[in-house]
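S.K.: Got a structure for you, questions after.
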Amino acid sequence: MFPFELYEEVIATSTSSDPEVYVPQICKILEKIPPNNRDLLMYLVNFLGLVASHSEQNRMDEKNIAIVFGPTIIRPKIVSVETAVQFPSVNLVMERLMKKKESFFPELSDMFFGGGALSISGVTTVNGNKSMRGSHIKKKKKMTILKEKHSKDAE
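So the number in the working numbering is just where the residue sits in the sequence shown, counting from 1, plus 1.
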């Protein structure tokens with residue numbers, strides 16, 4: 002999800018343990034990611050955070066999840082011995098993304114699931130969310146409006 006050219010920049014954010022330093026650094030990197038990648042990352046980080054919130058039952062806390070997903074989400078173009086040594090840094094960045102997700106993705110605090118949310122291809126998202134860009138979404142909204150109009154006309 003992170004473009005290869007941002008790999009070194011992402012790894013560099015792992016050098017500080019101070020959130021006042023690494024949160025703005027990661028936010029700047031997230032601005033450079035293509036919007037679809039960023040949206041997917043946001044949903045995935047949110048979901049993985051939910052999984053981690055049940056770590057008492059599943060033993061998958063943020064650190065364990067980061068070990069599994071970090072090297073897939075944050076990858077170098079070519080994996081070598083040198084880049085394999087950086088996996089702990091990759092995992093740390095992934096762990097931070099989950100633990101501080103509202104800092105990196107402020108729109109998560111406005112999101113809700115269920116109720117008035119719109120479901121598209123199995124993904125639930127809020128009506129009007131700026132991440133909803135595709136024509137399939139417009140078609141889904143148009144269909145919903147037409148169904149509502151038709152049911153009102155039938156009454």
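Just so you know, even glycine gets a beta-carbon here, dropped at the ideal spot from N, CA and C.
Under a Cβ-count criterion, where at least 16 other Cβ atoms within 10 Å of its own Cβ denotes burial, should glutamate 63 be classed as buried or exposed?
M.R.: By 1-based counting over the sequence shown, the position of residue 63 is 62. So glutamate 63 ends up on the buried side.
S.K.: Can you tell me the Cα-Cα spacing of arginine 39 and valine 52, whole angstroms?
M.R.: Position 38 of the sequence shown holds residue 39. Position 51 of the sequence shown holds residue 52. Going from the Cα of arginine 39 to the Cα of valine 52 covers about 20 angstroms.
S.K.: How about isoleucine 68 and asparagine 92: do their beta carbons lie closer than 8 angstroms?
M.R.: Position 67 of the sequence shown holds residue 68. Position 91 of the sequence shown holds residue 92. Result yes, Cβ atoms of isoleucine 68 and asparagine 92 sit closer than 8 angstroms.
S.K.: Could you tell me whether the Cβ atoms of glutamine 58 and isoleucine 12 are closer together than 8 angstroms?
M.R.: In the sequence shown, the residue the question calls residue 58 occupies position 57. In the sequence shown, the residue the question calls residue 12 occupies position 11. Contact: no.
S.K.: My understanding is that leucine 49 touches isoleucine 66, with C-beta atoms under 8 angstroms, so please give their C-beta distance in whole angstroms.
M.R.: Taking the sequence shown and counting its residues from 1, one reaches residue 49 at position 48. Taking the sequence shown and counting its residues from 1, one reaches residue 66 at position 65. Confirmed, Cβ separation roughly 5 angstroms.
S.K.: Pick from Leu109, Arg97, Ile34: whose alpha carbon is nearest that of valine 24?
M.R.: Taking the sequence shown and counting its residues from 1, one reaches residue 24 at position 23. Valine 24 has its Cα closest to that of Arg97, out of Leu109, Arg97, Ile34.
S.K.: Starting from glutamate 108, trace the alpha helix (DSSP H) both ways and give me its first and last residue.
M.R.: The sequence position of residue 108 within the sequence shown is 107, counting from 1. Per DSSP, glutamate 108 belongs to no alpha helix (DSSP H) and is neither H nor E.
S.K.: Secondary structure at glycine 123, three-state DSSP: helix, strand or coil?
M.R.: Sequence index remark: in the sequence shown, residue 123 carries index 122 (1-based). Reliability fails at glycine 123, whose pLDDT of 44 lies under 50, so the model's placement of it is uncertain and the value that follows must be treated cautiously. Looking at glycine 123 - three-state DSSP - the assignment turns out to be coil, as it is neither helix nor strand.
S.K.: So which of Val80, Leu42, Ile74 has the shortest CA-CA distance to phenylalanine 105?
M.R.: Residue numbering aside, residue 105 sits at position 104 when the sequence shown is read from its first letter. Comparing Cα positions, the closest option is Leu42.
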